[in-house]
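Each step along the sequence shown adds one to the number in this note's numbering, with nothing skipped, and position 178 is 385. For glycine and all other residues, C-beta sits at the position ideal for the given N, C-alpha and C. Contents: one structure, followed by commentary.
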Amino acid sequence: MFSRLAKLMSGASEPSQAADLYRHRLAIYESELGEPEHSFTDSAERRIDIHAFGRDFVPVCEEGSDEGYVLLTNGMSEQRMPGVHGDAKRRAELMWYVREPTPDVCDNLRWLAKLPFIDTTWFGFGHRVALPRPPVAGTDFETFLFLTPIIGPDKQIAEVLEIAGDPVEILTVNLISHQELALIKSRGLDPFLDLLDDNDYPPIFDPARKSYV
């Protein structure tokens with residue numbers, strides 16, 4: 208009785224509820240993105256699957272193609288993140304735009320989605336996770352930065368997704384350089400976001416991207 212009450216107070220779900228919420232999230236994802244081309248299941252007790260939705264990132268009004276994937280976690284929002292304060296959302300799922308859903312990309316995305324519950328922390332817009340070494344092959348960047356979606360269908364998911372009465376934050380995953388991190392720390396996030404606009408920051412993660420600072 209007391210363990211059940213503790214789970215309810217913390218925002219965790221019973222197994223049957225978890226399955227329903229899993230399907231609820233996936234149905235909202237599919238309503239905006241179609242069926243996933245791949246789903247990478249998680250066998251851990253804290254289950255966080257990753258769905259890969261194919262997308263051509265070139266706007267409909269333009270010619271050419273820029274094919275990649277929208278990776279989206281399913282399970283991070285099962286529980287409220289610890290220590291959230293103010294108007295920040297207590298639950299989140301992570302999104303990463305990539306060329307291919309490689310094992311190292313998926314492993315990093317799943318690790319990030321579990322990190323708040325390991326380190327007793329929370330993620331929101333502008334938060335960073337600095338690492339001692341590059342997490343993905345082919346890049347020198349060592350810091351993850353979380354932003355929010357600006358592409359229509361992804362924004363729509365963020366607007367309608369809700370778990371147990373809590374709105375769910377959709378956070379996009381980005382890798383930044385030491386110099387870019389220093390700029391954010393010294394001048395704030397807005398000047399860095401301006402740099403992204405000035406340099407036509409590509410929506411799909413490019414490990415070979417040069418630092419903008």
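Less than 7 Å between C-beta atoms, sequence neighbours within five positions excluded: which residues of the same chain meet that for residue i?
i: residue 283; result: 255, 299, 300, 301, 320
i: residue 240; result: 260, 277, 360
i: residue 212; result: Any reading at residue 212 must be qualified, since the residue scores a pLDDT of 30, below 50, and its modelled position is unreliable; the value itself is stated next. There are no such residues.
i: residue 323; result: 288, 289, 329, 330
i: residue 271; result: 265
i: residue 253; result: 321, 324
i: residue 362; result: 356
Whose C-alpha, out of the options, is nearest the C-alpha of residue i?
i: residue 415; options: 383, 389, 404; result: 383
i: residue 385; options: 408, 412, 339; result: 339
i: residue 279; options: 417, 371, 403, 235; result: 235
i: residue 316; options: 233, 248, 294; result: 248
i: residue 308; options: 294, 292, 274, 341; result: 274
Would residue i and residue j qualify as a contact pair, given that the criterion is a beta-carbon distance under 8 Å?
i: residue 343; j: residue 387; result: no
i: residue 296; j: residue 373; result: yes
i: residue 412; j: residue 305; result: yes
i: residue 258; j: residue 246; result: yes
i: residue 333; j: residue 396; result: yes
i: residue 366; j: residue 375; result: no
Identify every residue that forms a DSSP beta bridge with residue i.
i: residue 277; result: 260, 304
i: residue 159; result: This structure gives no information on residue 159, because the portion of the chain shown stretches from 208 to 420.
i: residue 245; result: 259
i: residue 298; result: 375
query = Does the segment 341 to 353 come close enough to the segment 372 to 386 that 3 or more CB-CB pairs lie under 8 Å?
reply = Output reads yes: the segment 341 to 353 touches the segment 372 to 386.
Between the segment 283 to 292 and the segment 326 to 345, can you find at least three pairs of beta-carbon atoms closer than 8 Å?
Under the three-pair Cβ rule at 8 Å, the segment 326 to 345 counts as touching the segment 283 to 292.
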